[in-house]
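I have placed the structure first, in the form of structure tokens, so that the comments after it can refer back to it.
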Amino acid sequence: MDTQEAAPVYPSSSSMASSIPIDLFVSKKHPGLARGELGFADSSGNIVFKANRCKKQSSSSCKKLLLDAHGNVLVSMHRQDGGHWEGFKEGGNERKDLIFTVQRTSKKLTRSELQVSLAQEISGDLAAASGLNVIGCPCQRSCTVYKGDSIVAQTSLMYKLHQIYARKNKFRLTIFPVSIDHALIASLVVIFLD
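Following this note's numbering, the numbering of the sequence shown begins with 16 at its first residue and continues without gaps.
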């Protein structure tokens with residue numbers, strides 16, 4: 016009988032999907048994170064993803080990287096001059112590496128909306144699924160990611176019993192069982208909080 020413990024497995028492609036929702040806990044205070052990094056940890060406290068702070072390339076653009084637990088670049092996110100974002104796979108920055116573009120359609124004090132276009136839609140592939148929408152309140156660390164009318168993921172503050180106000184330095188990201196890459200969802204949360 017094999018007694019080795021298996022490492023947690025997280026879907027990395029759209030062909031793999033979990034049958035139950037997955038919770039990731041998002042904070043800048045996870046052990047092992049450098050200053051300014053945002054960490055996504057599983058329920059055991061193991062870092063699954065981490066995002067570095069914005070590296071200024073010019074006065075109006077910046078670059079953020081979403082890394083896996085081992086420090087490998089999964090997605091590089093570039094803020095463009097018009098305020099929109101582009102996500103590229105594995106640190107690339109060419110059109111062939113483009114995964115998604117994000118345009119902020121509404122930004123108010125209590126509500127922000129993002130319109131996400133996936134690379135298949137941008138290239139004109141009509142067989143691709145509809146884009147994603149992210150709607151929520153960044154100051155409350157709450158947002159919902161929609162694909163059409165279906166909820167794909169949701170963030171929420173972590174309230175405790177008999178607690179009136181929840182701290183905003185740690186919150187939960189729940190990814191529901193759909194066939195969307197978890198790294199894409201984590202990237203959208205990073206952009207939403209920017």
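Backbone N, C-alpha and C define an ideal beta-carbon position, used for all residues, glycine too.
Since the model is a prediction, treat every value here as computed from it, not as a measurement.
- Taking the CA atoms as reference points, V149 sits about 19 Å from K185.
- The beta-bridge partner set that DSSP reports for R187 consists of F40, S171.
- For K79, the beta-bridge partners assigned by DSSP are M92.
- Listed as beta-bridge partners of F55 by DSSP are V41, F64.
- Relative to the Cα of I35, the nearest Cα in the group T189, W100, L172 belongs to T189.
- Contact between the segment 88–103 and the segment 198–206 is present, with at least three C-beta pairs closer than 8 Å.
- In this structure, the CA atom of Q135 is about 14 Å from the CA atom of D196.
- By the beta-carbon neighbour count (other beta carbons within 10 angstroms, threshold 16), S127 is buried.
- Non-local beta-carbon contacts of H93 in its own chain, meaning distances under 6 Å to residues more than five positions away in sequence, involve K78, E101 in chain order.
- In the same chain as Y161, and ignoring 5 residues on each side of it, the C-beta atoms closer than 8 Å to its own belong to L147, N148, V149, I150, V167, in chain order.
- Within 10 angstroms of the beta-carbon of G54 lie 16 or more other beta-carbons, which makes it buried.
- At a Cβ-Cβ threshold of 8 Å, A49 and V63 do not count as neighbours.
- Counting other Cβ atoms within 10 Å of its Cβ, T170 reaches 16 or more and is therefore classed as buried.
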